[in-house]
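As structure tokens, the structure follows; a few thoughts come after it.
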Amino acid sequence: MDKGLHLPIILQLAAVGVIIAEIIIPSGGILAILAAGLFGYSLYTVFAHVSAEAGMAFVAADIIMI
0 MDKGLHLPII LQLAAVGVII AEIIIPSGGI LAILAAGLFG YSLYTVFAHV SAEAGMAFVA
60 ADIIMI
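Using numbering that gives the first Met the number 0, the letters of the sequence shown map in sequence onto residues 0 to 65.
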């Protein structure tokens, strides 16, 4: 696996974990904002540092996961 993909994958998994926590813990949307930030930064790092094709793959994975 490419070294540039480790951080975005970790951020994606953390965002999914935060979304699951948002379902369980009533936070008034704070966890949802955190999850959106994690997804956004993950996509930014993929598009900026890896490639557009990998970025589109991450977007497709986000749509499937959510």
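A virtual CB, placed ideally from N, CA and C, is assigned to each residue, including glycine.
Same chain, Cβ closer than 7 Å to D61, five either side skipped, listed in chain order: Result list for D61: F38, in chain order.
Short Cβ contact (7 Å threshold) for L10 with S41: yes
Integer-rounded CB distance, given that L6 should sit under 8 Å from T44: 6 Å
Three-state class that DSSP yields for S41 in the structure shown: helix
A34 beta carbon less than 7 Å from that of V58: no
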